[in-house]
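A.B. asks: The structure that follows is given in the form of structure tokens.
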Amino acid sequence: MTELYVVGAELLRCTVEGKPVSKGRPRCACRGGYPKIYTPKETEAAEEALREVVALHWAGRQPYNGPMELSCVFYGAHGSADGDNLMKLVADALGGPPGEPFVFSNDKLIKNWHGYVRKKDQHGARTEIRLNALEAGT
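For my numbering, count along the sequence shown from 1 and bump the result up by 707.
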């Protein structure tokens, strides 16, 4: 049976200034004869910058653990930017570093995903983020 949801309370709305960054693919390098998997530095820096802005809006709140909807508008993303990787970077940043839940504990709680890639406008390059709680529908 398909779960139906209706949009409930707004949990978060904020804007992160600067060019949107796509989630980079993990890289692998050999160190001392052993493979080491790592996240590209640009991805780590973009996730941390996003967390810093969101922290201003989420201060003092516990991670949300119910179903939710994530909507993002990416203004001025590079022409080859991939919408799902832009969304993945936001979701991973909101989820927090491993073992440290931030806005939510697991991105599987996001039931509705909406991502829009737009040209930069008069307000410059930025990412607009909106997170809404979802309630069971009938």
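We treat Cβ as the ideally placed atom computed from N, Cα and C, and that holds for glycine.
Considering only the beta carbon of each residue, do Lys827 and Gly783 sit closer than 7 Å?
C.D. replies: Numbered from 1 along the sequence shown, position 120 holds the residue referred to as residue 827. Numbered from 1 along the sequence shown, position 76 holds the residue referred to as residue 783. Cβ atoms of Lys827 and Gly783: closer than 7 Å.
A.B. asks: For the region 794-818, which segments carrying the alpha helix (DSSP H) assignment without a break, of at least 4 residues, lie completely within its bounds, in sequence order?
C.D. replies: Taking only runs of at least 4 residues, no alpha helix (DSSP H) segment lies wholly in the region 794-818.
A.B. asks: For His785, which three-state DSSP category applies?
C.D. replies: Against the sequence shown, residue 785 aligns to sequence position 78. Note: His785 maps to coil in three-state DSSP.
A.B. asks: Specify whether the region 709-726 and the region 753-765 touch according to this definition: at least 3 beta carbon pairs, one from each stretch, less than 8 Å apart.
C.D. replies: A contact exists between the region 709-726 and the region 753-765.
A.B. asks: So for Gly832, helix, strand or coil by DSSP?
C.D. replies: In the sequence shown, residue 832 corresponds to position 125, counting from 1. Here the sequence assigns Ala to residue 832, which means Gly is not the residue at that position. Coil, per DSSP.
A.B. asks: The ligand SAH and Val761: does the residue's C-beta get closer than 6 Å to at least one heavy atom of that ligand?
C.D. replies: What this structure holds is no ligand at all, so the ligand SAH is not there to describe.
A.B. asks: Express the C-alpha separation of Pro808 and Gly802 in angstroms, rounding to a whole number.
C.D. replies: Here residue 802 corresponds to residue number 95 of the sequence shown, with the count starting at 1. Here residue 808 corresponds to residue number 101 of the sequence shown, with the count starting at 1. The straight-line gap from Cα to Cα measures roughly 6 Å.
A.B. asks: Can you tell me which of the three DSSP states Leu711 falls into?
C.D. replies: Position 4 of the sequence shown, counted from the start, is the residue given in the question as residue 711. Three-state result, Leu711: coil.
A.B. asks: For Asn839 and Glu755, I'd like the C-alpha separation in whole angstroms.
C.D. replies: As a first step, residue 839 must be located in the sequence shown, where it is residue number 132. As a first step, residue 755 must be located in the sequence shown, where it is residue number 48. Taking the straight line from one Cα to the other gives about 22 Å.
A.B. asks: For Lys748 and Pro733, I'd like the C-alpha separation in whole angstroms.
C.D. replies: The sequence position of residue 748 within the sequence shown is 41, counting from 1. The sequence position of residue 733 within the sequence shown is 26, counting from 1. Rounded to the nearest angstrom, the two C-alpha atoms are 10 Å apart.
A.B. asks: Taking DSSP as the reference, what is the three-state secondary structure of Arg732?
C.D. replies: Walking along the sequence shown from the start, residue 732 turns up at place 25. Residue state, collapsed to three classes: coil.
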